[in-house]
Amino acid sequence: MFRSLLIVLLICLSTNAQALQQTPAERDSSVLSILTAWLSLNNDGPEQPEAKPDVMLRVVRVTEDWMPYASTDGWTAAALIKESDSLKYYEVAIWEEVDAVHLYAFDEDFDPYYGLQPGISDEEKIEYREQYRIMRFEDMPEPYSPARSEFLTEAFAEFTAHIVEQHTDVDHHLMYSGHGGPGGQLFAGQMSSYHAGQFLATWTEQLGKRLGVIDMGGPCNKSAVSDNSNFCQYSQFYVASDLPNGGYQFDDWTSEKYLETQPEHQYHRLLGDNENLVDALEGRIDLKRQAYEYARNNMIQNQVMQANYLFNCDSYLTFQEALDAFAQNQPINQTRDLRYNLEQQNATQLLGLFDAMIIHSADNKDFFEWPEEHNGVQIIE
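With mature numbering (1 follows the signal peptide of the UniProt record, and there is no 0) as the guide, the letters of the sequence shown map in order to residues -19 to -1, 1 to 362.
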């Protein structure tokens, strides 16, 4: 505004001397030209709203044999970058040592390696980490009990209510880092299938829309009929594997290769570089393929089967409806691999729907001949 006004004043000054020699019609034409120039300088259109980062709720279960409560490193370092222009992390720790669940919002000042410095007491480590805590729920019931499942459901409802209040008009995502298994549960079986659905329903109701992605590409065997059916109701996309994840190591490990292929680290870049979520998630799957390449010799030597899949949840729900109708007339054999089962039953229409719901994948089937059929979804519960 001030810059354009200054330009107009300069134009006026430069033409002032000539204006005295102009006819009235010529002066009117000059004034009109100046006004037109000023309007064009200020006609930039409506101001564009500032882009806001997506939100990722990342959850870990911290067992006593893995990491003590008096620590600042380990799980806190998995997502080294806590916030960027494209993504902000909130992190939940299910602390077994103190029977509590905490919600944290670490920022870029947080140093996960603070506690590794010499002379730092346990009390100082805890105090340092806990200054980033937003909420805490104590007296957590016994592991794997119905009471714990209900406790976590209530705690997470409070967590997401706070997050939604702070971030109302962006995409929200869920990521769990830890062990897993089929059955539709969350957080290594600490939240039952029923309560997992209840929690996700509450979150999406608070948000007013489905989540962007539920990323279970870290835990083992989280792509089963029970998992996909439960989670796809509440998310646009789902990432998971029908195999145990891991069990291999890079042939030549470097920290650069590790960060290059780590989803928690790369999500910032993927969401920032891509205009839509599906492209970012396809890139997230490609990280797995690159990791497999870095471990090719190790995988071949140890015959480690690996795969990760990106599901379009709308397509999955369409498939699930057709599968349920099919199963009423022709029972599904309880073999491990769903696609192989459908092939054996000549379910041509279902096979087409199955292939359509997996929109991107990465595996290492070209490394060696797999001894078992694994095509993306387990039937076994």
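Ideal Cβ positions, reconstructed from N, Cα and C, are used throughout, including at glycine.
If I'm right that residue i touches residue j with Cβ under 8 Å, what's the distance once you round it to whole angstroms?
i, j, result
"Lys238", "Tyr275", "5 Å"
"Leu298", "Cys201", "No, Leu298 and Cys201 are not in contact; Cβ-Cβ is about 24 Å, not under 8 Å."
"Lys63", "Glu105", "Actually they are not in contact, since the Cβ atoms of Lys63 and Glu105 sit about 21 Å apart, beyond 8 Å."
"Ser342", "Ile266", "6 Å"
"Tyr50", "Ala60", "That pair is no contact at about 20 Å."
"Leu68", "His355", "Contact flag wrong, Cβ pair sits at about 31 Å."
"Glu245", "Arg39", "7 Å"
"Ala81", "Tyr113", "In fact, because the Cβ distance is near 15 Å, the residues do not count as touching under 8 Å."
For residue i, count neighbouring C-beta atoms within 10 Å of its own C-beta (all shown protein chains included) and say buried if the count is 16 or more, exposed if not.
i, result
"Val358", "buried"
"Lys346", "exposed"
"Trp47", "exposed"
"Tyr125", "exposed"
"Arg320", "buried"
"Ala136", "buried"
"Asn209", "buried"
"Glu186", "exposed"
"Arg42", "buried"
"Tyr273", "buried"
"Gly161", "buried"
"Ala142", "exposed"
"Trp234", "exposed"
"Gln271", "exposed"
"Glu108", "exposed"
"Asn322", "buried"
"Gln282", "exposed"
"Ser236", "exposed"
"Gly193", "buried"
"Asn226", "buried"
"Thr149", "exposed"
"Ser102", "exposed"
Please classify residue i: does DSSP put it in a helix, a strand, or coil?
i, result
"Gly227", "coil"
"Tyr113", "coil"
"Ile360", "coil"
Task: Complete alpha helix (DSSP H) runs within the region 302 to 356 (minimum length 4 residues, chain order) - done: 319 to 325 and 329 to 338
Task: Start-end ranges of the beta strand (DSSP E) lying completely within the region 141 to 228, minimum 3 residues - done: Counting only runs of 3 or more residues that sit fully inside the region 141 to 228, the beta strand (DSSP E) segments are 153 to 158, 192 to 196 and 216 to 221, in chain order.
Open item on the list: Quick check on the DSSP output: what are the complete beta strand (DSSP E) runs of length 3 or more inside the region 232 to 310, in order along the chain?
Closed with: 288 to 293
Open item on the list: Does the region 196 to 208 come into contact with the region 152 to 162, if we say contact requires no fewer than three beta-carbon pairs (one atom in each stretch) closer than 8 Å?
Closed with: yes
Open item on the list: So within the region 49 to 128, which uninterrupted beta strand (DSSP E) runs reach at least 3 residues, ignoring any that extend past its ends?
Closed with: 68 to 76, 81 to 85 and 114 to 118
TODO: Determine contact between the region 63 to 83 and the region 172 to 192, defined as no fewer than three beta-carbon pairs at a distance below 8 Å.
DONE: no
TODO: Pair every Cβ in the region 277 to 284 with every Cβ in the region 326 to 334, then say whether three or more of these pairs are closer than 8 Å.
DONE: Proximity of the region 277 to 284 to the region 326 to 334 falls short of the contact definition, fewer than three beta-carbon pairs being nearer than 8 Å.
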